[in-house]
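Undergrad:
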Amino acid sequence: MVSDYFYACREQHLEPKPVVFTLSVCGSVKTLAFLKWLGVHVPRWLENSLRHADDTLAESYQHCLATARDLIAFCRKLDLPFGFLVESVSIRKAEIEASVALADELSRLLERGGKSW
Numbered sequence: 757m758v759s760d761y762f763y764a765c766r767e768q769h770l771e772p773k774p775v776v777f778t779l780s781v782c783g784s785v786k787t788l789a790f791l792k793w794l795g796v797h798v799p800r801w802l803e804n805s806l807r808h809a810d811d812t813l814a815e816s817y818q819h820c821l822a823t824a825r826d827l828i829a830f831c832r833k834l835d836l837p838f839g840f841l842v843e844s845v846s847i848r849k850a851e852i853e854a855s856v857a858l859a860d861e862l863s864r865l866l867e868r869g870g871k872s873w
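Note that my numbering numbers the sequence shown so that position 6 is 762, with each residue one more than the last.
1. Would you say S780 and V845 are within 8 Å of each other, going by their C-beta atoms?
2. By the 10 Å Cβ neighbour count, where 16 or more other Cβ atoms means buried, how is A822 classified, buried or exposed?
3. Under 8 Å, with one C-beta from each stretch per pair, do the segment 826-840 and the segment 769-777 reach the 3-pair mark?
4. Tell me the DSSP bridge mates of G839?
5. Would you mind reading off the limits of the alpha helix (DSSP H) that contains H819?
6. Taking contact to mean at least 3 C-beta pairs separated by less than 8 Å, is the segment 792-811 in contact with the segment 854-864?
7. Helix, strand or coil: how does DSSP classify I847 here?
8. State yes or no: is the C-beta of V745 within less than 8 Å of the C-beta of C831?
9. CB-CB under 7 Å to F762, same chain, minus the five flanking residues each way: which ones, in chain order?
10. Under the three-state reduction of DSSP, which class applies to S784: helix, strand or coil?
11. Which of the three DSSP states, helix, strand or coil, is assigned to L794?
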């Protein structure tokens, strides 16, 4: 989606608008079911990884962080403006704390590399 958007803007000589990526940690099968009910597409490989993890929350956190790193690198390579929204869809304290930790980590990653949005 990011590359399609970037190159479509380039072909039409338009300045790309900032893209905001939403990340949400998932700490349980119940939260996973809720995310899917909300309409979030969870790839089958990721769903399997979370369902079979010894620690679903830690597994989810690592997937979110890896995804964010990939997106940061790619957007910076293209010089595409971007940002992140970290959401918690659970009332479980551990999931909320993991969301806060993820937001803090993303903030540090964004500060290190310079320009984002």
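Positions of the beta carbon are idealized from the N, C-alpha and C atoms, including for glycine.
TA: Here's the rundown:
1. yes
2. A822 sits exposed, since fewer than 16 C-beta atoms from the chains shown fall within 10 Å of its C-beta.
3. yes
4. V776
5. Note, H819: alpha helix (DSSP H), T812 to L834.
6. A contact is defined here as three or more CB-CB pairs under 8 Å, and the segment 792-811 fails this definition with respect to the segment 854-864.
7. coil
8. The question about residue 745 has no answer here: the residues shown for the chain are numbered 757 through 873.
9. Hits under 7 Å: P772, L834 and L836.
10. coil
11. coil
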